[in-house]
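Written out below as structure tokens is the structure these notes cover.
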DNA sequence: GCAAAACCGACCCGATCGCTAGGATTTGTG
DNA sequence: CACAAATCCTAGCGATCGGGTCGGTTTTGC
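Chains as they are written, first to last, in this note's numbering: chain A, 1 to 156; chain B, 157 to 312.
Here it is in structure tokens:
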């Protein structure tokens, strides 16, 4: 499995937030029951998303969460990386701030034999994640679960 | 981390085998010391590769392993799948024998909101893996230690 | 017969995953 | 003010897996 359910749940959470029409915050409980996910677990995930500044929270009664930015402006790479940590195909791969990929096995001039492969893999994943916006998923997606007719209106 | 060291070590093993000129089998010990990997662990990995019919083994003194097919005819998808199991971005993703991708969350007509994303990711990974042959890695790669000057461009 | 190798299975330790529990704080509402 | 609804925080727990070791058994060439 490439990703754990952290990414799955977290993305679902983001989609649910992105689907909300108004600017009123949505409680996690609402998201949890809409997507049929354990609330206490979602709390952990949403905390990561908040740290990554992808969602804003308002505390207290009638509080909740909403997207920190426009859905069209949030790439899935940001979301997944907030949840799963930096995306790298392999332990020995680090990405420098400038985007260069380094393999800790390679000597100064001799390339690691596997680098070609992992670089291609990472490229494929990164392109897929960075090339998909939350907006797309919101538009694409149904309710995720047929049991909740809620929030289906924005599709029409 | 997308993949574990099982894939890393296994690919290195395959590259090492692919680099051998003659048809004489290479002992695991030789591979282990060449790549500086634990022999006893490699035994498990090579067993998977043997089950997947990617390597042949000959027992007894002066035995060892060699590629079951030509390096140009082995895709990295086969290798990685033999080691890591079926490649899927997410638990809920299964691939039918016909290659169709199914998400266990989607109802009959309502699509899972995350399916678009994971499908793209899987596509990216699969293209990278299936589009890379062992031969390419053999040609690309130095030994990891003895450095052969290689062209680092044309990675993507 | 001996040594080199492939084979096989059991075990071990630490990390992570998925999740729960129990609280504390903040804040709108009656 | 009291209360309830919500976010927030920390700790823990069972299970699985990853990475690796160990000890042994076969098979085979010399």
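Glycine included, every Cβ here is placed at the ideal spot set by N, Cα and C. Computed from a prediction, not measured in an experiment: that's the story for all the values here.
Considering Cα atoms alone, identify which of the options is closest to residue i.
| i | options | result |
| --- | --- | --- |
| residue 54/A | 81/A, 112/A, 86/A, 129/A | 81/A |
| residue 178/B | 243/B, 279/B, 220/B, 296/B | 220/B |
| residue 8/A | 183/B, 271/B, 228/B, 291/B | 271/B |
| residue 225/B | 297/B, 290/B, 296/B | 290/B |
| residue 161/B | 138/A, 91/A, 141/A, 48/A | 91/A |
| residue 57/A | 19/A, 140/A, 24/A, 71/A | 24/A |
| residue 190/B | 280/B, 171/B, 257/B | 171/B |
| residue 293/B | 119/A, 136/A, 123/A | 119/A |
| residue 242/B | 288/B, 296/B, 206/B, 282/B | 282/B |
| residue 288/B | 208/B, 258/B, 230/B | 230/B |
| residue 324/B | 260/B, 296/B, 235/B | Any question about residue 324/B goes unanswered here, given that chain B covers just 157 to 312. |
| residue 122/A | 59/A, 93/A, 141/A, 72/A | 93/A |
| residue 195/B | 166/B, 296/B, 253/B, 227/B | 166/B |
| residue 103/A | 185/B, 183/B, 297/B, 186/B | 297/B |
| residue 20/A | 71/A, 59/A, 36/A, 98/A | 71/A |
| residue 182/B | 215/B, 252/B, 255/B | 215/B |
What does residue i pair with, by DSSP beta-bridge criteria?
| i | result |
| --- | --- |
| residue 213/B | 221/B |
| residue 249/B | 259/B |
| residue 75/A | 133/A |
| residue 121/A | Paired residue(s): none; residue 121/A is not in a bridge. |
| residue 167/B | For residue 167/B, which the question treats as bridged, DSSP gives no partner whatsoever. |
| residue 182/A | The structure shown does not extend to residue 182/A, since chain A is modelled only from 1 through 156, so no value can be given for it. |
| residue 182/B | 221/B |
Starting from residue i, find everything on chain A with Cβ-Cβ shorter than 8 Å and list it in chain order.
| i | result |
| --- | --- |
| residue 293/B | 113, 114, 116, 117 |
| residue 199/B | The contacting residues do not exist; residue 199/B stays about 20 Å from chain A at best. |
| residue 251/B | Simply none; closest approach about 13 Å. |
Below 8 Å on the Cβ atoms is my guess for residue i versus residue j; work out the distance and round it to an integer in Å.
| i | j | result |
| --- | --- | --- |
| residue 173/B | residue 223/B | 5 Å |
| residue 2/A | residue 244/B | 7 Å |
| residue 12/A | residue 217/B | With 8 Å as the limit, residue 12/A and residue 217/B do not qualify as a contact, their Cβ atoms being about 58 Å apart. |
| residue 285/B | residue 232/B | 5 Å |
| residue 32/A | residue 45/A | With 8 Å as the limit, residue 32/A and residue 45/A do not qualify as a contact, their Cβ atoms being about 11 Å apart. |
| residue 280/B | residue 124/A | 3 Å |
Run through chain B and tell me which residues come within less than 9 Å of residue i, C-beta to C-beta.
| i | result |
| --- | --- |
| residue 132/A | 272, 273, 276, 277 |
List, in chain order, every chain B residue whose beta-carbon is nearer than 7 Å to that of residue i.
| i | result |
| --- | --- |
| residue 89/A | 158, 159 |
| residue 124/A | 280, 281, 283, 284 |
Note down, in chain order, every chain A residue with its Cβ under 9 Å from the Cβ of residue i.
| i | result |
| --- | --- |
| residue 171/B | 113, 114 |
| residue 237/B | Correct list: empty, because the minimum Cβ distance to chain A is about 13 Å. |
| residue 254/B | By Cβ distance, chain A contributes nothing, its closest Cβ being about 22 Å from residue 254/B, past 9 Å. |
Whose Cβ in chain A lies nearer than 7 Å to the Cβ of residue i?
| i | result |
| --- | --- |
| residue 232/B | 117 |
| residue 167/B | 114, 117 |
I want to check one thing, is the minimum distance from the CB of residue i to the heavy atoms of the ligand ADP below 7 Å?
| i | result |
| --- | --- |
| residue 161/B | Although the ligand ADP was asked about, the structure shown includes no ligands whatsoever. |
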